[in-house]
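**Q** After the structure tokens below, expect a handful of questions from me.
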Amino acid sequence: MAPPESESSSSANGLGAHAMSYLTLLLNYIDSQDWATFNEVALQNTKAFRAISKIVSSAEEFNGMSLLHAVVRNNPPLEIVADFVKLCPESPSARDCLNRTPLHVAAGVGASVGVIKFLAMAHPEACKVQDEDGRTPLHFACDVDCRLFEGESMRREPPTFQVVHALLSASISPASMEDDDEMSPLEYAIMSDADVRVVKLLQKAAQKFMKKMHSVESSKRRSVMGTAA
Numbered sequence: 157m158a159p160p161e162s163e164s165s166s167s168a169n170g171l172g173a174h175a176m177s178y179l180t181l182l183l184n185y186i187d188s189q190d191w192a193t194f195n196e197v198a199l200q201n202t203k204a205f206r207a208i209s210k211i212v213s214s215a216e217e218f219n220g221m222s223l224l225h226a227v228v229r230n231n232p233p234l235e236i237v238a239d240f241v242k243l244c245p246e247s248p249s250a251r252d253c254l255n256r257t258p259l260h261v262a263a264g265v266g267a268s269v270g271v272i273k274f275l276a277m278a279h280p281e282a283c284k285v286q287d288e289d290g291r292t293p294l295h296f297a298c299d300v301d302c303r304l305f306e307g308e309s310m311r312r313e314p315p316t317f318q319v320v321h322a323l324l325s326a327s328i329s330p331a332s333m334e335d336d337d338e339m340s341p342l343e344y345a346i347m348s349d350a351d352v353r354v355v356k357l358l359q360k361a362a363q364k365f366m367k368k369m370h371s372v373e374s375s376k377r378r379s380v381m382g383t384a385a
């Protein structure tokens, strides 16, 4: 299957037949986790891959989902994700119709700590993005019972220190955020039987962030009082 040569392969209302065939081929490799062939057919054809990635991200049929969302769902090697982002630097910031970034998906399906750390560092702002239910990637990582996709039935292992540390290293503010059910990552971690090291790490991060916010508010008040005087 030859890749499309440019964005002109898409129709005004979505994907053209040739681009759709190429995309179907890529999605089959992703679903089957055939990363060697995906690398050869997709990542080694840089012009075509950038074109199809841009088409997918803007096509209404995919509800805002990017190819990176699909890749990180299927336990990819870190090298595949790194090469993907090198070709499409904007991809870690993509949001689907549920306002979830690829980092949300990676954290929610239990991707490797290497992939999660890479995505968090590639776009730290994604750590603070709340989906339509108010959940950040840290919420997903700490909740072993979360189900991002229909058909998922396996309960994940409790959140590891390495994964939680990777997310907090990019941004500590989510440690104090609550979702629409008024649940924090710490509460999900406790309910998920997380190791005591994970619980303490989340507690310290939340305390550190709240202390920082209190300091900022105090500085603002002093500044206002000084201006008034």
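Residue numbers are given in this note's numbering: position 33 of the sequence shown equals residue 189, and the series is strictly consecutive.
Where a beta carbon is used, it is the ideal one built from N, C-alpha and C, also for glycine.
Would S222 pass as a contact of P258 if the rule is Cβ separation under 9 Å?
**A** In the sequence shown, the residue the question calls residue 222 occupies position 66. In the sequence shown, the residue the question calls residue 258 occupies position 102. Yes. Within cutoff.
**Q** Report the rounded CA-to-CA distance for N318 versus G172, giving the unit in angstroms.
**A** In the sequence shown, the residue the question calls residue 318 occupies position 162. In the sequence shown, the residue the question calls residue 172 occupies position 16. As written in the sequence, residue 318 is Gln, which differs from the Asn given in the question. Their backbone Cα atoms lie some 43 Å apart in a straight line.
**Q** How many Å lie between V114 and T316 at the Cα?
**A** Examination of residue 114 is not possible in this model, given that the chain is present from 157 through 385 alone.
**Q** If we count Cβ pairs, one from each stretch, closer than 8 Å, do we get three or more for the stretch 235-242 versus the stretch 287-297?
**A** Output reads no: the stretch 287-297 does not touch the stretch 235-242.
**Q** Please go through the stretch 184-255 and give each complete alpha helix (DSSP H) segment of 4 or more residues, from N-terminal end onward.
**A** Fully enclosed alpha helix (DSSP H) runs of 4 or longer: 191-194, 202-214, 223-228, 234-243.
**Q** Leaving out the 5 sequence neighbours to the left and right, which residues in its chain are closer than 6 Å to D336 when beta-carbon positions are compared?
**A** Looking up residue 336 in the sequence shown gives position 180. For D336, where only same-chain residues beyond five positions count, the Cβ hits under 6 Å are D289, G290.
**Q** Measuring CB to CB, does R312 end up less than 9 Å from V300?
**A** Within the sequence shown, numbered from 1, the residue matching residue 312 stands at position 156. Within the sequence shown, numbered from 1, the residue matching residue 300 stands at position 144. Contact flag set, yes.
**Q** Evaluate K203 with the Cβ neighbour count: other Cβ atoms within 10 Å of its Cβ, from every protein chain shown; 16 or more gives buried, anything less gives exposed.
**A** Position 47 of the sequence shown holds residue 203. It counts as exposed.
**Q** Taking the alpha-carbon of H195 as reference, which of P233, A215, T180, H225 has the nearest alpha-carbon?
**A** For this step, residue 195 is matched to residue 39 along the sequence shown. Reading off the sequence shown, one finds Asn at residue 195, where the question assumed His. Closest by alpha carbon: P233.
**Q** With a threshold of 7 Å on Cβ separation, who are the neighbours of L358 within its own chain once the five nearest residues in sequence on each side are excluded?
**A** As a working note, residue 358 is residue 202 in the sequence shown. Counting only Cβ-Cβ distances below 7 Å, and skipping sequence neighbours, we find V320, A331, P341, L342, A345.
**Q** Can you tell which of Q189, V228, L199, A250 has the C-alpha that lies nearest to the C-alpha of A215?
**A** Position 59 of the sequence shown holds residue 215. If we check each option's Cα against that of A215, A250 comes out closest.
**Q** Take F218 and list the residues in its own chain whose beta-carbon comes closer than 6 Å to its own, dropping the five residues that flank it on each side.
**A** By 1-based counting over the sequence shown, the position of residue 218 is 62. Answer for F218: V212, listed in chain order.
**Q** Please state the DSSP three-state secondary structure of L304.
**A** The residue you call residue 304 lines up with position 148 of the sequence shown. If DSSP states are grouped into helix, strand and coil, L304 belongs with coil.
**Q** Assign A350 to one of three DSSP states: helix, strand, or coil.
**A** Here residue 350 corresponds to residue number 194 of the sequence shown, with the count starting at 1. DSSP places A350 in coil when its eight states are reduced to three.
**Q** Could you tell me the boundaries of the alpha helix (DSSP H) in which A282 lies?
**A** Locating residue 282 in the sequence shown gives position 126, where the first residue counts as 1. Counting along the chain, A282 falls outside any alpha helix (DSSP H), and DSSP gives it neither H nor E.
**Q** Can you check which of these residues, H225, I208, V197, G266, is closest to P314 by C-alpha distance?
**A** Position 158 of the sequence shown, counted from the first residue, corresponds to residue 314. Among H225, I208, V197, G266, the Cα nearest to that of P314 belongs to G266.
**Q** By alpha-carbon positions, which one of M366, K273, L323 ends up nearest to V237?
**A** Residue numbering aside, residue 237 sits at position 81 when the sequence shown is read from its first letter. Among M366, K273, L323, the Cα nearest to that of V237 is on K273.
**Q** Among the residues of its own chain, which have a CB less than 7 Å from the CB of N231, if the five just before and after it don't count?
**A** As a working mapping, residue 231 is identified with position 75 in the sequence shown. Closer than 7 Å at the Cβ level, and outside the excluded window around N231, lie Q189, A267.
**Q** Could you tell me the boundaries of the alpha helix (DSSP H) in which S325 lies?
**A** Counting from 1 along the sequence shown, the entry for residue 325 is found at position 169. Unbroken alpha helix (DSSP H) run through S325: 317-326.
**Q** Can you list, in chain order, the residues of its chain whose CB lies under 6 Å from that of V285, leaving out five sequence neighbours each side?
**A** Numbered from its first residue, the sequence shown carries residue 285 at position 129. Within the same chain, V285 has close Cβ partners T257.
**Q** Specify the secondary structure class of S129 as computed by DSSP and reduced to three states.
**A** Nothing can be reported for residue 129, as the shown portion of the chain is limited to 157 through 385.
**Q** Taking Cβ positions, are Q220 and D252 nearer each other than 9 Å?
**A** Position 64 of the sequence shown, counted from the start, is the residue given in the question as residue 220. Position 96 of the sequence shown, counted from the start, is the residue given in the question as residue 252. Per the sequence shown, the amino acid found at residue 220 is Gly instead of Gln. Yes, Cβ-Cβ distance for G220 and D252 is below 9 Å.
**Q** Take the Cβ of G307 as the centre, count every other Cβ of all protein chains shown within 10 Å, and call the residue buried at 16 or more, exposed below.
**A** Counting from one through the sequence shown, the residue named residue 307 turns up at place 151. So G307 ends up on the exposed side.
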